[in-house]
Amino acid sequence: MNIIAVPTIQETISKIFMAESENLNQYDGLEKFFETETQLIYEIHHLEKEKAKETLRALIDMISLHAGKDTIRAIRNYYIVLSSVMARKLFEMRVPPKKAFAFNNACIELVDNRMNDSEFLYVADELIEFFVSVISERKQPSFGHQTVNKVVMFINDEVERDLSVEDVAKHFHISTSHLSRIFREHAGITLVEYLNVRRVEESQHYLRHSDKGISEISKQFHFCNQSYFTRIFKKYTTVTPKQFRDSQHIPYFRYTLPNAK
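Note that UniProt numbering has the sequence shown beginning at 1, numbered continuously upward.
What follows is the structure, given as structure tokens:
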């Protein structure tokens, strides 16, 4: 009886690697791809959202040039790889590990569930929106009071917790009155307002990229009821949660702390 040798995984991947290396010899300027990707990561890190969208489209054009009939599959795979790269960047910026993992999983779910042959450019823009949103949370604020800087970062990390002013004050071992005073003095808004702003910002991603009901999202972000969630959401975005969910063309609401340097 003849025994057929089955190639090992290492042998298989080595064979594919050699074949791909030979195939890519016919293309010039491949180093440009990695230069452009480095530029993309720089733009995301510096919150240059529109530039990042243009740069990602340039990368998509390069991928399309080499992928041929497998373009959509190649772009899908690249989106997932890029999401993993950005998750690593977040971890390096001291994002809690569970949040970095959640970020990566959310991006993969978006690509798997929302991307089709006609929407790959729309998905690219949505990924950039999401990348910049999460990176912006990790930008160290530069207020003149270090406790206020730490409070902003704490809220950004714990936005889905049922936090109150009292909870935040207790975490930092200061009185609620003192915390409220210094936060408004340096950040330009009250702490309650900032908690609501961050909840509205985060809720947008669930409205647009999950099947959760609006009432469920309201509870997830600890609004007392759906009516109050709708009122606060519209206060900052000018539209209701339902309108935001139903129209993919409504831009994300982003808040800039007015006194940030």
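Where is the CB? At the ideal position from N, CA and C, for every residue including glycine.
Cβ-Cβ distances below 6 angstroms link Ile217 to Ser203, Tyr206 in the same chain, with the five nearest sequence neighbours on each side left out; the list follows chain order.
The beta carbons of Ile182 and His209 sit no closer together than 8 angstroms. Taking C-beta atoms under 8 angstroms as the contact rule, Glu129 and Tyr252 qualify, at a distance of about 6 angstroms. Check the Cα spacing between Val81 and each of Pro97, Val95, Asn104: the tightest is with Asn104. Assignment of Cys107 by DSSP, reduced to helix, strand and coil, places it in the helix class. Comparing alpha-carbon positions, the option among Leu90, Phe143, Leu59 lying closest to Asn77 turns out to be Leu59. In terms of Cβ geometry, Tyr79 and Leu24 do not form a close pair [threshold 8 angstroms].
Remark: C-beta atoms of Gln243 and Ile232 do not approach each other more closely than 8 angstroms. Per the C-alpha coordinates, the member of Lys99, Ile174, Ser136 positioned closest to Thr147 is Ile174. Distance from the Cα of Met62 is smallest, within the candidate group Lys49, Glu31, Leu90, for Glu31. Within the same chain, Lys89, Ile135 come within 8 angstroms of His45 by CB-CB distance, once the 5 residues on both sides are set aside. Leu30 sits in coil when the DSSP states are folded into three classes, being neither helix nor strand. Secondary structure note for Ser118: it is in no alpha helix (DSSP H), with a DSSP letter that is neither H nor E. Spatial neighbours of Gln39 in its own chain (CB-CB distance under 8 angstroms, excluding positions within 5 residues in sequence) are listed in chain order as Thr55. One thing to note: Tyr255 has its Cβ no nearer than 8 angstroms to the Cβ of Val192. In the displayed model, Tyr79 falls within a helix according to three-state DSSP.
The Cβ neighbour count for Tyr194, taken over all protein chains shown within 10 Å, is at least 16; the residue is labelled buried. An exposed status is given to Lys15, since fewer than 16 other beta-carbon atoms sit within 10 Å of its beta-carbon. Residue range 146-157 is occupied by the alpha helix (DSSP H) that includes Met153.
In the structure shown, Ser247 falls within a coil segment according to DSSP collapsed to helix, strand and coil. Rounded to whole angstroms, the Cβ separation of Asp157 and Lys99 is 7 angstroms, and the two are in contact under 8 angstroms. Along the UniProt domain "HTH araC/xylS-type" (149-247), the alpha helix (DSSP H) occurs as fully enclosed runs of 4 or more residues at 165-171, 176-187, 191-209, 214-220, 226-237, 241-246, listed in sequence order.
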